[in-house]
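Undergrad: Take this structure, written in structure tokens, and hold onto it; I'll ask about it next.
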Amino acid sequence: MSKLFVITGPSGVGKTSIAYQLLRQMPNLKKVITYTTRAPRPHEENGIDYHFVDDQTFNQMKARAEFFESAQVYSHQYGSRIQDVEQLLSAGQNVLMVVDVQGAKTILEKKPDTIQICLLADSPEILIKRLEQRDQGATDNFQTRLAKLKDELAYSQTCQHIIINIQGEMDQTVEQIKQIMAKT
């Protein structure tokens, strides 16, 4: 039977990097590619990392109720199409979704048997440093992310599985998640 796995956690904790490694190492795991209105970061590819769309396209999809989950995260919208999730699950694939805590809440409401894995950084200082590097001097964006961090950390305490993503130990984090996936 196929399973739905969600990786969530605060911004900058390494969700995307961990997911990439899991997908490389687990051929039976398929990622739902999220739609977003934000601009691509360096090295991100449309249709592989995300589907990058404009606000009008995203809002039209939302109006047509195409999303399994969608959320406003900072100043951008993110969403996963129902059709993409259902297509992978009905094909017998194990499915991976990488979402923020808003998306994780919505997914659990709609599909309570989802296996939720929350990633946390090994220290708040490391996470703050990652956010500073990501925002590259965009003070408003950094302050917004920092303000949201408290809520994201509080939500993590409700997750089924909590994994500490130790700086420089990604392989260990990936192995812990693979063990969880194998047992559930």
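One rule links them: number in the working numbering = place in the sequence shown (from 1) + 76.
Glycine included, C-beta positions come from ideal geometry on N, C-alpha and C.
Could you tell me how far apart the beta carbons of Leu80 and Met173 are, in whole angstroms, since I believe they sit closer than 8 Å?
TA: With 8 Å as the limit, Leu80 and Met173 qualify as a contact, their Cβ atoms being about 7 Å apart.
Undergrad: When DSSP builds the beta bridges, which residues end up paired with Arg157?
TA: Phe143.
Undergrad: By the 10 Å Cβ neighbour count, where 16 or more other Cβ atoms means buried, how is Thr110 classified, buried or exposed?
TA: Burial call: buried.
Undergrad: Should Gly85 and Cys194 be called a contact, given that it needs their Cβ atoms to be closer than 8 Å?
TA: Yes.
Undergrad: With DSSP as the reference, label Lys106 as helix, strand or coil.
TA: Residue state, collapsed to three classes: strand.
Undergrad: Closest to Ala147 by CA distance: which of Asp160, Val175, Gln243 and Glu120 is it?
TA: Measuring from the Cα of Ala147, the nearest candidate turns out to be Val175.
Undergrad: Using the C-alpha atoms, what's the distance from Val129 back to Asn122?
TA: Those two C-alpha atoms are separated by around 9 Å.
Undergrad: What are the start and end residues of the alpha helix (DSSP H) that includes Val82?
TA: Where Val82 is concerned, there is no enclosing alpha helix (DSSP H), although the beta strand (DSSP E) it sits in stretches over Leu80 to Thr84.
Undergrad: By DSSP's criteria, Phe128 is part of a beta bridge. Which residues make up the other side?
TA: Partner(s): Thr112.
Undergrad: Please work out which residues of its chain come closer than 6 Å, Cβ to Cβ, to Thr220, disregarding the five sequence neighbours upstream and downstream, and give them in chain order.
TA: Once the five neighbours on either side are set aside, the close Cβ partners of Thr220 are Tyr150.
Undergrad: Taking the runs of the beta strand (DSSP E) that are 3 residues or longer, which of them lie wholly in the stretch 192 to 244?
TA: The stretch 192 to 244 contains these whole beta strand (DSSP E) runs: 237 to 241.
Undergrad: Here's a check: name, in chain order, each residue in its chain whose Cβ is nearer than 7 Å to the Cβ of Ser232, leaving out the five neighbours to either side.
TA: Excluding residues within five positions, the ones whose Cβ falls inside 7 Å are Gly85, Cys194, Leu196 and Ile238.
Undergrad: Is it buried or exposed, Gly90, if we count other Cβ atoms within 10 angstroms and call 16 or more buried?
TA: Gly90 should be labelled buried.
Undergrad: Counting only the same chain and skipping the five closest in sequence on each side, list residues whose C-beta sits under 8 Å from that of Leu99.
TA: If we look at Leu99 and ignore the five residues flanking it on each side, its Cβ neighbours are Leu105, Lys106, Lys107 and Leu172.
Undergrad: Got a sec: is the Cβ-Cβ distance from Leu165 to anything in chain B below 8 Å?
TA: No chain B appears in this structure, which consists of one protein chain only.
Undergrad: From Ser166 to Ala139, what does the alpha carbon distance come to, in whole angstroms?
TA: Their Cα atoms are separated by approximately 25 Å.
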